[in-house]
Amino acid sequence: MGKIDNIILRYLHKTSSPEEQELLLKWLEESEVNRQYFRSLKDAHDLGKAGISLRNSRVDQQWKNFEKQIINKNNKTGISRYFTPFLRYAAVFTLGFICFQAIFYLTRQDENNIFNPTIIETGIGERTKISLPDGSKIWINTCSSIAYDKNYGNIDRQVHLKGEGYFEVRTDTLKPFLVHADKFTYRVIGTSFNVYSFDDDDETSIALLEGGVTIEHENLSEQLLPGQVFIFNKESGKHTRTKVDVNRLSSWREGELVFDNITFEELAKRLERNFNIQFVFENDNVREHSFGGSFRNYESVETIMKVISTSTPVKYEIKGNIVYVK
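Quick note: the sequence shown, position 166, residue 253 per this note's numbering, numbers continuous.
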């Protein structure tokens with residue numbers, strides 16, 4: 088049994104860590120085959136909970152064979168003893184043996200039990216706003232995505248973010264709101280904040296407008312106060328916390344592009360997400376030049392580059408949708 092199987096088992100029994108949940112979500116997004124495999128294990132798990140008897144000589148024999156080959160390996164992690172009732176059914180289902188009719192019946196009886204995440208994605212230059220079942224609102228910036236279980240709010244409130252999002256979370260003291268972004272988990276009860284977490288960026292950050300946020304990452308656990316931004320550098324592993332104008336930082340919701348003393352390389356990435364363009368650096372020294380300023384997203388790339396070139400030593404040429412930086 089591979090690593091993903093163990094993560095699925097822990098997820099179904101609600102003992103998985105935020106990092107494991109993030110890995111599971113990424114794995115599910117990779118292919119329909121992965122999603123079907125997950126549903127198979129989920130159905131087998133539901134069979135065990137529903138008390139449908141699958142015990143017969145063939146099942147027991149296959150279980151014994153499976154146990155000899157696989158389960159002993161998992162004893163080292165302490166999983167097999169805890170999950171033995173479930174694994175009997177999961178193993179039978181995964182190995183493609185009997186019980187198709189029982190699984191079909193259970194699935195038809197309660198299709199809502201199948202894990203089926205809702206995923207909202209934005210493309211280049213796109214932004215959108217969504218409302219969650221509990222009334223919480225999320226603004227999603229360009230080239231970003233939000234994913235949450237269709238049973239969101241029934242037991243807990245968890246979402247997964249890739250990219251940038253602004254959150255206004257409805258207060259519920261019994262069900263904290265969790266945002267999983269990269270390897271971080273942000274835990275809140277009711278608050279407004281902005282999360283920036285792109286895979287291809289060196290930094291990830293969260294800025295708090297009001298309320299309170301607990302930042303969780305490996306052995307790190309910190310409280311963020313309103314008006315503060317927490318920035319984590321992925322390369323160095325170091326983090327900082329400073330004061331910031333959160334409204335300005337999240338003004339992208341109103342169509343404003345704000346760049347606060349960022350490198351030109353980072354600026355190029357952000358412009359690529361907002362416009363259908365590509366930057367080609369013919370002079371690598373330019374990458375580390377810093378720039379600060381703001382634009383409206385309806386302004387053209389030509390206009391933005393003219394402004395940048397007047398305040399920095401950056402020289403450029405635009406050919407089609409490619410910006411050559413000299």
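Built from N, CA and C at the ideal position, the CB exists for glycine as well.
All values reported here derive from a predicted model rather than from experimental measurement.
Beta-carbon separation of residue i and residue j under 9 Å?
{"i": "residue 379", "j": "residue 348", "result": "yes"}
{"i": "residue 233", "j": "residue 225", "result": "yes"}
{"i": "residue 250", "j": "residue 227", "result": "yes"}
{"i": "residue 377", "j": "residue 351", "result": "yes"}
{"i": "residue 328", "j": "residue 346", "result": "no"}
{"i": "residue 105", "j": "residue 326", "result": "no"}
{"i": "residue 280", "j": "residue 312", "result": "no"}
{"i": "residue 342", "j": "residue 214", "result": "yes"}
{"i": "residue 304", "j": "residue 271", "result": "yes"}
{"i": "residue 116", "j": "residue 206", "result": "yes"}
{"i": "residue 91", "j": "residue 103", "result": "no"}
{"i": "residue 337", "j": "residue 273", "result": "no"}
{"i": "residue 356", "j": "residue 288", "result": "yes"}
Where does residue i land, buried or exposed, given buried means 16+ other C-beta within 10 angstroms?
{"i": "residue 344", "result": "buried"}
{"i": "residue 256", "result": "buried"}
{"i": "residue 83", "result": "With the chain covering 88 to 413 only, the question about residue 83 has no answer from this structure."}
{"i": "residue 98", "result": "buried"}
{"i": "residue 112", "result": "buried"}
{"i": "residue 260", "result": "exposed"}
{"i": "residue 407", "result": "exposed"}
{"i": "residue 123", "result": "exposed"}
{"i": "residue 282", "result": "buried"}
{"i": "residue 100", "result": "exposed"}
{"i": "residue 396", "result": "exposed"}
{"i": "residue 129", "result": "buried"}
Should residue i be counted as a contact of the ligand FMN given a C-beta to heavy atom distance under 8 Å?
{"i": "residue 328", "result": "The model on display carries no ligand, and the ligand FMN is accordingly not part of it."}
If I measure Cβ to Cβ from residue i and keep anything under 7 Å in the same chain, skipping five residues before and after, which residues do I get?
{"i": "residue 360", "result": "211, 229, 230"}
{"i": "residue 220", "result": "239, 240"}
{"i": "residue 269", "result": "284, 291"}
{"i": "residue 374", "result": "350, 351, 352, 368"}
{"i": "residue 258", "result": "276, 277"}
Give me, in chain order, the residues of the same chain whose beta-carbon lies closer than 6 Å to that of residue i; leave out the 5 immediate sequence neighbours on both sides.
{"i": "residue 402", "result": "413"}
{"i": "residue 404", "result": "411"}
{"i": "residue 391", "result": "382"}
{"i": "residue 363", "result": "211, 408"}
{"i": "residue 314", "result": "330"}
If we cut at 9 Å on Cβ distances, does residue i have a partner in chain C?
{"i": "residue 345", "result": "Protein chains in the displayed structure number just one, and chain C is not present."}
Next on the checklist: Does the stretch 292–302 come into contact with the stretch 316–336, if we say contact requires no fewer than three beta-carbon pairs (one atom in each stretch) closer than 8 Å?
Outcome noted: yes
Next on the checklist: Suppose only complete runs of 4+ residues qualify. What are the alpha helix (DSSP H) ranges in the stretch 317–346, listed by chain order?
Outcome noted: 333–336
Checklist entry - Hey, which unbroken runs of the beta strand (DSSP E) at 3 residues or more fall wholly within the stretch 246–317? => result 264–268, 271–275, 279–284, 290–297, 300–304, 307–311, all fully within the stretch 246–317.
Next on the checklist: Which runs of the beta strand (DSSP E) at least 3 residues long sit entirely within the stretch 339–392? Give them in chain order.
Outcome noted: 343–350, 365–368, 377–383
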